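Asker: First the structure, then my questions, so here it is.
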Amino acid sequence: MRSFFKTKTAIALALSVAAGTATAEDVEVLHWWTSGGEAAALNVLKQDLEGQGIGWTDMPVAGGGGEQAMTVLRARVTAGNAPTAVQGLGFDIIDWADQGSLANLNDVAAAEGWDDVVPAALQQFAKVNGEWVSAPVNVHSTNWVWANKAVLDANGIAMPETWDDFVAAMDTLSAAGITPIAHGGQAWQEATVFDSVVMSVLGPDGYKAAFIDLDADVLGSDGMKEAFDRMSVIRANVDDNFSGRDWNLATAMVINGDAGFQMMGDWAKGEFINAGKVPGEDFLCFRFPGTSEQVTFNADQFMMFDQGGAVSAEQAALATAILSPSFQSAFNVVKGSVPARTDVSNEAFDACGKKGMADLAAAASSGNLFGSMAHGHANPASVKNAIYDVVTAHFNGEYDSETAVQELVDAVDIAK
Amino acid sequence: MSIATQDTAIRTGRVMRTLIYLVLLLFVLFYMLPLYVMVVNSVKPLEEITGGGMMNLPQVFTLEPWAKAWSSAQIGVEPTGLSPYFWNSIKMVVPAVAISTVLGALNGYVLTKWRFKYDTIVFGLILFACFIPFQIVLIPMAKMLGLMGLAGTTWGLVLVHVVYGVGFTTLYFRNYYAVFPTELIRAAQIDGAGFFQIFWRILLPSSGPIAVVSIIWQFTNIWNDFLFGASFAGADSQPMTVALNNLVQASHGVKEYNVHFAGAILAALPTLLVYIVAGRYFVRGLMAGSVKG
Amino acid sequence: MALSTNADFKTRLQSWLPKLVLSPSLALVLVFVYGFILFSVYLSFTDSRLLPSFGWVGWENYSKLWRLSHWEISLKNMGVFAALYIGICTMLGLGLAIFLDQKIRGEGMIRTIYLYPMALSFIVTGTAWKWFLDPGIGLENVIQSWGWTSFEFDWIKNRDYAIYTVVLAAVWQTSGFVMAMFLAGLRGIDNEILKAAQMDGASNWNLYRRIIIPQLRPAFLSAFVILSHLAIKTFDLVIALTGGGPGRATELPATFMYSYTFSRNQMGIGAASATIMLMTIAAIMIPYLYAELREKK
């Protein structure tokens, strides 16, 4: 009995002490960055917070480019214990903001001046209905082509600047017995290529009308049919084993000189670097022919979930740390992407990274920066996946371009 | 009839026996093939794999991937490897398997030996529950766990696995006890044995084989479950599969296939152990039982 | 214990005890299964997208569902997949169990080898299968390098055949477990009857056909329930092996449901597809269970 009494007083004491000192709460972070470099970079963030006395509870759930984490998030929110901060992409952030689940970061945004340094196209996904709800970490751009320089040189191919150049280059490689394009047959990879193709055929206005405004006339236009025709040309220049291949194995084909080109986002660079290749010497990075002015992007962010104000200070600290120039630089050097704010020094970046930063700044100021359809930054998940269905079915030869255009209009209509 | 496994009355000729051995060996090969791919690739350096020799034996043998998967691979922000998650899984699996198997055995016992009006309907209801797609369970289950205060805890996961496992364990035991001679039960009843006494003394000792089937099934399903583990676990109770998934599904990073395969085999070791250990009782249980003449 | 009131209480308790023992399971199932099914059916008539919401939309989700060509594909795939998977696993499981029941040397080892695929999660095994089936690096490549250059095995890359590779991997995973269930059943059969029949000069074939296999009825029931349940829930396998591809050629209802409910934020349509799946399962299972369980009386 006495010992029971003792424990009780001890607990009471501990409670009163805790209440008195107002120690910082832990932040629980749900994310899907579990591969070596990404996670190590995230660890920098963790240590930064710990230096401020804020504990970090890690909740990693990888899979499906974040889809798995989004499923978990829904279970967590339904159960009434949303994590403090959650990695999020594009329209998912807008959806959660519309549910009223996110915290308001306007105070810290004003203090840190985010409005001035984060590109407007990106702000659309971080500042919903006038409220900052999430902190962007990076900007990936998806309209890149990666090429094996030795293969190109050996076949006398210069960096293609137009679609016709590109077709000629593919023909040359075919004739030389090299697979022109390394491609992984997964719906999102086909959609990534489709993004660039549509941008090059329809131009920025057409891209916006089709994928962002979901204009049925543009979706069903002859230009769209031309885009599908070009997808068929690309399909004809892909080896027969493409189906189901992981993107990084396709990259390995370019690295090993089995293939000439790969259309993939800037994360592919990590594979080249990891294989000991040097940008500009061993491999080339350039924008998809016909889209040199434009950048299609997707950006990782951390949305802050409203906890009734209980962790507002910690969330602000986390958001500030994420958007600090030093973290933006350190993280994006590792990730292959570019900083989410345009005022970060490019010193630490390699040639492709520097080009990426310059392109982003130029595109942002000339209105040529657009969210990527393939990566959930042009339209909601339902529409995105509906477009995937059509693009992948067409690419796999289920129907011709004519039918594909019809199916596209229908599918988008059902999903809207 | 001698002892151990030689317990069938069927006799076969020599040609037939050779044929049987051949077929059995052929299937041994079939079942081993993917394991070959996994083991071979788990002891190679990564360059050999991405270089294209996925089916070849390793040129350079290394256990590095195994060590990495266990203790230093990146699972979250910290390079912890799979080891910390191992105990989370054990803490969840053992109670869940035990509870669901005991419930299943008792249910099977009641449904076959203490029959009552509408008992088949009750069994049908429990059985049909096996078919509920987990996709539709997720959201309402999250709500219920939240209401019960079990969200993000190991006990919440145990509850979930018991609920969706009890249909199977009931099915196994009911079908097994169905052919158990009811006369033995009646005789024991006349001797004054109670409900639990009969179960304990008469049915349980001969339940070896089916208990093994039930435990293997439950252990495997619960150990390998990802969806519930990911959705309902907290940061300190995430099971092994979630960690394995984090190891394997690295979105935009370099895929270390050798580490993935090593991790997958490591993650499967407890289940394999259950198979090997339980497999013995599979036979022993039969010998002790009173079903056999 | 000799007191009569006590004894009276005891008998009454004894008569209630069985139902008491059964009730927790039944309660759990009623709430967590049937309650949730009702909830899901209700959701299928609402405008739920990201999270459940309760705006009534009538049959709209169902009409949208039937306009989706890949819902039809997934249903067709389900038919092919379930029939082949259940059929092959049952036959293979029974066959292997009978063979293994012939006083086989090293039975324990062989049994473990047959069973082990169940132990491995498809999160990774899928990759091993994917490589093995890949014509560029797997079986086709190996056999061609052995000199049989015309050998072709590219099912996984072929829209019309890819579903069979899913069947193959699924059979690989569970047929061993089915074997174990049949083996448990075989071992439970009374040898005296067999010996008597053998004395009467019955052949092995007839012994199996007339006496043994009919006695395995409960094992068949278990196998059928287990296999159909697995067939319906096949999800990880498809994701890991083909990702639903090539194109959408290997999409199954489970992947469809998951994708609409969670990836596509169209929970209403996901719930509608779940409702249709459940009704289909009920239409097949209830008559089967009814026939199977009634006969027992």
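Protein chains in written order, with the working numbering: chain A, 2 to 417; chain B, -1 to 291; chain C, 1051 to 1347.
For each residue, glycine too, the CB sits at the ideal point set by N, CA and C.
Please read all numbers here as calculations on a predicted model, not as lab measurements.
Along the segment 287 to 316 of chain A, what residues have a CB closer than 9 angstroms to any CB found in chain C?
Answerer: none
Asker: How many angstroms separate the CA atom of Lys226 of chain A from the CA atom of Tyr1214 of chain C?
Answerer: 33 angstroms
Asker: Would you say Pro1185 of chain C reaches chain B, if we count a Cβ-Cβ gap shorter than 8 angstroms as a contact?
Answerer: no
Asker: Is the CB-CB distance between Val1217 of chain C and Tyr1135 of chain C below 8 angstroms?
Answerer: Yes, the Cβ-Cβ distance between Val1217 of chain C and Tyr1135 of chain C is below 8 angstroms.
Asker: I'd like to know if Thr1061 of chain C contacts chain A, where contact means its C-beta is closer than 8 angstroms to some C-beta of that chain.
Answerer: no
Asker: Counting only runs of 4+ residues fully inside the segment 1080 to 1132 of chain C, write out the alpha helix (DSSP H) ranges in chain order.
Answerer: Under the rule that a run must span 4 or more residues, the alpha helix (DSSP H) segments found entirely inside the segment 1080 to 1132 of chain C read 1086 to 1093, 1110 to 1117.
Asker: Strictly below 8 angstroms CB to CB, what residues from chain A border Ile137 of chain B?
Answerer: Arg75, Ala76, Thr79
Asker: Taking only the alpha-carbon atoms, compute the straight-line gap between Glu39 of chain A and Trp1109 of chain C and give it to the nearest angstrom.
Answerer: 45 angstroms
Asker: Kindly identify the DSSP beta-bridge partner or partners of Gln302 of chain A.
Answerer: A:Gly89, A:Pro137
Asker: For the 8 angstroms Cβ check, are there 3 or more pairs between the segment 74 to 85 of chain A and the segment 131 to 148 of chain B?
Answerer: Between the segment 74 to 85 of chain A and the segment 131 to 148 of chain B there are three or more C-beta pairs closer than 8 angstroms, enough to call the two in contact.
Asker: Specify the secondary structure class of Val1350 of chain C as computed by DSSP and reduced to three states.
Answerer: With chain C covering only 1051 through 1347, there is no way to say anything about residue 1350 of chain C.
Asker: Quick one: grab the DSSP three-state call for Lys42 of chain B.
Answerer: coil
Asker: Looking at C-alpha atoms only, which residue of A:Gly101, A:Gln187, A:Ser222 is the closest neighbour of Arg236 of chain A?
Answerer: When each option's Cα is compared against that of Arg236 of chain A, the closest is A:Gln187.
Asker: The segment 363 to 396 of chain A: which residues have C-beta closer than 7 angstroms to a C-beta of chain C, in chain order?
Answerer: Pro381, Ala382, Ser383, Asn386, Asp390, Thr393, Ala394
Asker: Write down every uninterrupted run of the alpha helix (DSSP H) in the segment 37 to 119 of chain A whose length is 4 residues or greater and which is fully enclosed by it, in chain order.
Answerer: As far as the segment 37 to 119 of chain A is concerned, its whole alpha helix (DSSP H) runs of at least 4 residues are 37 to 52, 68 to 80, 91 to 99, 107 to 113, 115 to 118.
Asker: Please list the residues of the segment 213 to 244 of chain B that have a C-beta atom closer than 7 angstroms to any C-beta atom in chain A, keeping them in chain order.
Answerer: Ala228, Ser229, Phe230, Ala233, Val240, Asn243, Asn244
Asker: So is Trp198 of chain B buried or exposed if we call it buried at 16+ other beta carbons inside 10 Å?
Answerer: exposed
Asker: Tell me whether Val151 of chain B sits in a helix, a strand or coil according to DSSP, three-state version.
Answerer: In the sequence under discussion, the amino acid at residue 151 of chain B is Thr, which differs from the Val named in the question. The three-state secondary structure of Thr151 of chain B, taken from DSSP, is coil.
Asker: What residue from A:Gly258, A:Val30, A:Thr252, A:Ala359 has the CA that sits closest to Gln295 of chain A's CA?
Answerer: It is A:Ala359 whose Cα lies nearest to the Cα of Gln295 of chain A.
Asker: Does any residue of chain A bring its CB to less than 8 angstroms from the CB of Glu76 of chain B?
Answerer: yes
Asker: Less than 8 angstroms between CB atoms is the rule here; does Lys7 of chain A satisfy it with respect to chain B?
Answerer: At Lys7 of chain A, the pLDDT of 44 sits below 50, so the modelled position is not reliable and the matter cannot be decided from this model.
Asker: With a Cβ-Cβ cutoff of 8 angstroms, do Pro1167 of chain C and Gly1226 of chain C count as a contact?
Answerer: Against a cut-off of 8 angstroms, the Cβ pair of Gly1226 of chain C and Pro1167 of chain C comes out as a contact.
Asker: Near Thr1330 of chain C, which residues of its chain fall below 7 angstroms by C-beta distance, leaving aside the five closest residues on each side in sequence?
Answerer: Excluding positions up to five away in sequence, the list is empty.
Asker: Which first and last residues belong to the beta strand (DSSP E) in which Met264 of chain A is found?
Answerer: 260 to 264
Asker: Measure the C-alpha to C-alpha separation of Val335 of chain A and Val45 of chain A and round it to an integer number of angstroms.
Answerer: 12 angstroms
Asker: Are the Cβ atoms of Thr35 of chain A and Gly79 of chain B separated by less than 8 angstroms?
Answerer: In this structure, Gly79 of chain B does not lie closer than 8 angstroms to Thr35 of chain A by Cβ.
Asker: Quick one: grab the DSSP three-state call for Thr22 of chain A.
Answerer: Caution is warranted here: a pLDDT of 40 is assigned to Thr22 of chain A, below 50, making its placement in the model unreliable, and no coordinate value can be reported.
Asker: What do you reckon, are the CB atoms on Val120 of chain B and Tyr170 of chain B nearer than 8 angstroms?
Answerer: It is not a contact, given that the beta carbons lie outside the stated cut-off.
Asker: Determine whether the beta carbon atoms of Asn333 of chain A and Pro340 of chain A lie at a separation below 8 angstroms.
Answerer: yes
Asker: So, is the C-beta of Phe1082 of chain C closer than 8 angstroms to a C-beta in chain B?
Answerer: For Phe1082 of chain C, the closest Cβ of chain B is nearer than 8 angstroms.
Asker: Can you give me the C-alpha to C-alpha distance between Asn380 of chain A and Phe92 of chain A, rounded to a whole angstrom?
Answerer: 7 angstroms
Asker: From Phe84 of chain B to Gly49 of chain B, what distance separates their C-alpha atoms?
Answerer: Rounded to whole angstroms, Phe84 of chain B and Gly49 of chain B show a C-alpha spacing of 32 angstroms.
Asker: When DSSP builds the beta bridges, which residues end up paired with His32 of chain A?
Answerer: A:Pro61
Asker: Please report whether the beta-carbon of Gln69 of chain A lies at a distance below 8 angstroms from any beta-carbon of chain B.
Answerer: Yes, because at least one Cβ of chain B sits closer than 8 angstroms to the Cβ of Gln69 of chain A.
Asker: Quick one: any contact between the segment 199 to 207 of chain A and the segment 261 to 280 of chain A, if contact means 3 or more CB pairs under 8 angstroms?
Answerer: no
Asker: Answer with yes or no whether the minimum CB distance from Leu155 of chain B to chain A is below 8 angstroms.
Answerer: no
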